[in-house]
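The opening position of the sequence shown corresponds to residue -19 in the numbering used here, with each subsequent residue numbered one higher. For each residue, glycine too, the CB sits at the ideal point set by N, CA and C. All values reported here derive from a predicted model rather than from experimental measurement.
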Amino acid sequence: LHLDRETVFRQLRAAGLGVNVHYPPVYHHSYYQRRFNLHVGACPRAEAAFARLLTLPLYPAMTAMEVERVIAVVTEVLEQGSVRWQRRRYVP
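Right, here's the structure in full:
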């Protein structure tokens, strides 16, 4: 897929899903930067993964219907985004 996280995030939020962004690389926190002399860019693969990850709603009290809704909304957003990307690439 060629969709950026921010676009997917906005669309999922607009659809009412409580998505969020969590778990930045630990060295993005100032304590670790100072303590271990780390800086943003130290682990490019961790940063590439972080730039693409979203946290979907998931909690013990979720009903099967809520889980199905999350699946349906995520599927719809990703499929629509994929179709839009393919249309932009299509050259007759």
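Out of L38, P37, V20 and V57, which one is the CA nearest neighbour of F75? The structure shown does not extend to residue 75, since the chain is modelled only from -19 to 72, so the question has no answer here.
Taking contact to mean at least 3 C-beta pairs separated by less than 8 Å, is the segment 1 to 20 in contact with the segment 49 to 62? no
According to DSSP, is T55 part of a helix, a strand, or is it coil? helix
Does DSSP put T(-13) in a helix, in a strand, or in coil? Residue state for T(-13) is assigned as helix, using DSSP reduced to three classes.
First and last residue of the uninterrupted alpha helix (DSSP H) at Y11: S10 to F16
Nearest-angstrom Cα distance between L(-3) and Q60? Straight-line Cα distance between these residues: approximately 17 Å.
Would you kindly report the start and end of the unbroken alpha helix (DSSP H) that includes A29? According to the DSSP assignment, A29 belongs to the alpha helix (DSSP H) that extends over P24 to F30.
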